[in-house]
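Trainee: Take this structure, written in structure tokens, and hold onto it; I'll ask about it next.
Next up, the structure:
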């Protein structure tokens, strides 16, 4: 009989679309970022310069230390915002409340932005097929004549391989909590997988190629050359100072590459939400309910969606960048080993299978993005480049 696997996937999702979703339940889980073409194209490079890329790598190192220092934290369970009735909106912002003591300014604009998010959700739901039907029913009840005249410690995937007939085993991990507040995090030092071994009690760390605990040897998960084009791992670890310092660097980095036009406050709030991707699954591990929102940059062609995604790739935990695919197991299996943040371009869900496959293939050739595929015979994941 065929083995049944749970396709468990919990983490931040960022999906760029041109239009809204027809399912209002999916819409309610989204934090929508309207994208608009910049009014000042002369202020932005066509392609991010190398200097910007180096800042992104530096931020990855700093956010890794932020993650390790906050491992084992607890998720707040209450966030009361005046005038905000939507549970989803408050859930989306809840984890930021957990960082308020460290940086009180993190929630300064949260009420105004939460109101905008709630209004956007109401508008989107009203435009969905179900919403249009309900509106028609309500309008009919109000005035029948008028209507008749006129719709988941964080989940840590582990790959185990027996090395001999003895009990000695090698286990490949990307992230692991060990006894005595010791944490392992995979990095790519000089392009080679290694571990940051962090001691939370002393706030110190070392870099090791592998770690042995009893009869078990832990090694970082190998990363292929193809995978390096779409998966971002830190290349080290670096002191970040205070949370206020780190947030300012993230905001400056994000504004250098993407122009939010009239939505700067919302954009910077979303940047703060990206930081929580480094800690949210761990903080919610033992919660009765879990929730991480979907970030949905939305707009027409050439409105900056891809630039937005480029920024998010460097500010999220283990970001995995792909174009939309119809094969959910392929997406799941490419995220699972690193508990990765899913960043998906061209994520509209209305295309037919044939059209979307061809569009995905052509877009992948243009953008240099691999198409994740899982080989059931070799049980390996690879990114196919045409």
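Numbering (the working numbering), first residue to last: 1453 to 1838. Ideal Cβ positions, reconstructed from N, Cα and C, are used throughout, including at glycine.
Look up residue 1713 in the DSSP assignment and say whether it is helix, strand or coil.
Mentor: The residue you call residue 1713 lines up with position 261 of the chain shown. Residue state, collapsed to three classes: coil.
Trainee: With three or more C-beta pairs closer than 8 Å as the rule, is the region 1514-1527 touching the region 1634-1653?
Mentor: yes
Trainee: Which residue from 1510, 1500, 1484 puts its Cα closest to that of residue 1540?
Mentor: Along the chain shown, one-based indexing puts residue 1540 at 88. The shortest C-alpha separation from residue 1540 is found at 1484.
Trainee: Pull up the distance between the alpha-carbon of residue 1722 and that of residue 1653, whole angstroms please.
Mentor: In the chain shown, counting from the first residue as 1, residue 1722 sits at position 270. In the chain shown, counting from the first residue as 1, residue 1653 sits at position 201. Rounded to the nearest angstrom, the two C-alpha atoms are 31 Å apart.
Trainee: Return helix, strand or coil for residue 1664, following the three-state DSSP convention.
Mentor: For the purposes of this step, residue 1664 is identified with residue 212 of the chain shown, where counting begins at 1. In this structure, residue 1664 counts as strand in the three-state DSSP scheme.
Trainee: Could you pull the start and end residues of the beta strand (DSSP E) that residue 1533 belongs to?
Mentor: In the chain shown, counting from the first residue as 1, residue 1533 sits at position 81. It is not in any beta strand (DSSP E) - residue 1533 carries neither H nor E in the DSSP assignment.
Trainee: Where in the region 1731-1795 do unbroken runs of the alpha helix (DSSP H), each at least 4 residues long, occur, reported from the N-terminal end onward?
Mentor: 1732-1735, 1757-1767, 1780-1787
Trainee: Apply the 10 Å Cβ neighbour rule to residue 1719 and answer buried if 16 or more other Cβ atoms are within range, or exposed otherwise.
Mentor: To locate residue 1719, count along the chain shown from 1; it is residue 267. Taking a 10 Å sphere around the C-beta of residue 1719, we find 16 or more other C-beta atoms and assign the residue as buried.
Trainee: Quick one: is residue 1668 buried, meaning 16 or more other Cβ sit within 10 Å of its Cβ, or exposed?
Mentor: The sequence position of residue 1668 within the chain shown is 216, counting from 1. Exposed is the call here.
Trainee: Buried or exposed: which applies to residue 1674, given that a residue is buried once 16 or more other Cβ atoms fall within 10 Å of its Cβ?
Mentor: Here residue 1674 refers to the residue found at position 222 of the chain shown. The residue is exposed, with fewer than 16 neighbouring Cβ atoms inside 10 Å.
Trainee: Run the CB neighbour count on residue 1530, radius 10 Å, all protein chains shown included, and call it buried at 16 or more, exposed below.
Mentor: Walking along the chain shown from the start, residue 1530 turns up at place 78. Counting Cβ neighbours within 10 Å, residue 1530 comes out exposed, since fewer than 16 surround it.
Trainee: Going along the chain, which unbroken runs of the alpha helix (DSSP H) with 4 or more residues stay wholly within the region 1679-1725?
Mentor: 1695-1709
Trainee: Take the Cβ of residue 1491 as the centre, count every other Cβ of all protein chains shown within 10 Å, and call the residue buried at 16 or more, exposed below.
Mentor: By 1-based counting over the chain shown, the position of residue 1491 is 39. Classification for residue 1491: exposed.
Trainee: Looking only at its chain, what residues have a beta carbon closer than 6 Å to the beta carbon of residue 1790, apart from the 5 residues adjacent to it on each side?
Mentor: Here residue 1790 is taken as the residue at index 338 of the chain shown, counted from 1. Around residue 1790: 1626, 1770.
Trainee: Let me know the secondary structure DSSP gives residue 1518 once reduced to three states.
Mentor: Here residue 1518 refers to the residue found at position 66 when the chain shown is read from its first residue. Residue 1518: helix per DSSP, three-state reduction.
Trainee: Which first and last residues belong to the alpha helix (DSSP H) in which residue 1476 is found?
Mentor: Residue mapping note: residue 1476 aligns to position 24 of the chain shown, counting from 1. That run of the alpha helix (DSSP H) goes 1476-1480.
Trainee: If you count every other CB in all the chains shown that lies within 10 Å of the CB of residue 1584, and 16 or more means buried, which is it?
Mentor: Numbered from 1 along the chain shown, position 132 holds the residue referred to as residue 1584. Any reading at residue 1584 needs caution, since the residue's pLDDT is 47, under 50, leaving its predicted position unreliable; the model's value is listed next. Exposed.
Trainee: Just verifying my parser: in three-state terms, what is the DSSP assignment at residue 1467?
Mentor: For the purposes of this step, residue 1467 is taken as the residue at position 15 of the chain shown. Three-state result, residue 1467: strand.
Trainee: Contact defined as beta carbons within less than 8 Å: I believe residue 1515 pairs with residue 1695. What is the distance between those atoms, to the nearest angstrom?
Mentor: Mapped onto the chain shown, residue 1515 falls at position 63. Mapped onto the chain shown, residue 1695 falls at position 243. Incorrect: roughly 11 Å between the Cβ atoms, too far for contact.
Trainee: Taking just the CA atoms, how far does residue 1641 sit from residue 1688?
Mentor: Working through the chain shown from its first residue, we reach residue 1688 at position 236. Working through the chain shown from its first residue, we reach residue 1641 at position 189. The straight-line gap from Cα to Cα measures roughly 6 Å.
Trainee: With a 10 Å radius around its C-beta and 16 neighbouring C-beta atoms as the bar for buried, classify residue 1783 as buried or exposed.
Mentor: Position 331 of the chain shown, counted from the start, is the residue given in the question as residue 1783. Residue 1783 comes out buried.
Trainee: Any idea what DSSP makes of residue 1655, helix, strand or coil?
Mentor: Reading the chain shown from its first residue, position 203 is the one you call residue 1655. Looking at residue 1655 - three-state DSSP - the assignment turns out to be coil, as it is neither helix nor strand.
Trainee: In this structure, how does DSSP classify residue 1571 when only helix, strand and coil are distinguished?
Mentor: By 1-based counting over the chain shown, the position of residue 1571 is 119. Correct three-state label for residue 1571: helix.
Trainee: Going straight from the alpha carbon of residue 1680 to that of residue 1731, what length do you get?
Mentor: The residue labelled residue 1680 in the question sits at position 228 within the chain shown. The residue labelled residue 1731 in the question sits at position 279 within the chain shown. Their backbone Cα atoms lie some 23 Å apart in a straight line.
Trainee: I need the straight-line Cα distance from residue 1614 to residue 1621, nearest angstrom please.
Mentor: As a first step, residue 1614 is located in the chain shown; it is residue number 162 there, counting from the start. As a first step, residue 1621 is located in the chain shown; it is residue number 169 there, counting from the start. Legend: pLDDT at residue 1614 = 49, less than 50; position of this residue unreliable, value from coordinates given subsequently. It is roughly 5 Å from the alpha-carbon of residue 1614 to the alpha-carbon of residue 1621.
Trainee: Rounded to the nearest angstrom, how far is the Cβ of residue 1756 from that of residue 1487, given a contact under 8 Å?
Mentor: Position 304 of the chain shown, counted from the start, is the residue given in the question as residue 1756. Position 35 of the chain shown, counted from the start, is the residue given in the question as residue 1487. The pair is a contact, with the Cβ atoms about 5 Å apart (cut-off 8 Å).
Trainee: Can you tell me whether residue 1643 is buried or exposed? The criterion is at least 16 other CB atoms within 10 Å of its CB, across all chains shown.
Mentor: If you number the chain shown from 1, residue 1643 lands on position 191. Result: exposed.
Trainee: CB residue 1470 to CB residue 1800, shorter than 8 Å?
Mentor: Residue numbering aside, residue 1470 sits at position 18 when the chain shown is read from its first letter. Residue numbering aside, residue 1800 sits at position 348 when the chain shown is read from its first letter. Contact: yes.
Trainee: Measure from the alpha carbon of residue 1513 to the alpha carbon of each residue in 1701, 1462, 1570, then state which is nearest.
Mentor: Here residue 1513 refers to the residue found at position 61 of the chain shown. Closest option to residue 1513, Cα to Cα, is 1701.
Trainee: As a quick exercise: from 1759, 1717, 1706, 1633, pick the residue whose alpha carbon is nearest that of residue 1562.
Mentor: If you number the chain shown from 1, residue 1562 lands on position 110. For the residues 1759, 1717, 1706, 1633, the minimum Cα distance to residue 1562 belongs to 1717.
Trainee: If we ignore side chains and look at the alpha-carbon of each, how far apart do residue 1631 and residue 1468 end up?
Mentor: Your numbering for residue 1631 matches position 179 in the chain shown. Your numbering for residue 1468 matches position 16 in the chain shown. For residue 1631 and residue 1468, the distance between alpha carbons rounds to 40 Å.
Trainee: In three-state DSSP terms, what is residue 1881?
Mentor: Only positions 1453 to 1838 of the chain appear in the structure, and residue 1881 is not among them; the question remains open.
Trainee: Mind the definition here: the region 1492-1507 touches the region 1747-1754 only if three or more C-beta pairs lie below 8 Å; say whether that holds.
Mentor: Too few Cβ pairs lie closer than 8 Å, so no.
Trainee: Report the option in 1657, 1772, 1760, 1629 whose CA atom is closest to the CA atom of residue 1489.
Mentor: Position 37 of the chain shown, counting from 1, holds the residue named residue 1489. Comparing Cα positions, the closest option is 1760.
Trainee: What number of angstroms, rounded off, separates the C-alpha of residue 1659 from the C-alpha of residue 1714?
Mentor: Translated into positions along the chain shown, residue 1659 becomes position 207. Translated into positions along the chain shown, residue 1714 becomes position 262. Computed Cα separation, rounded: 44 Å.
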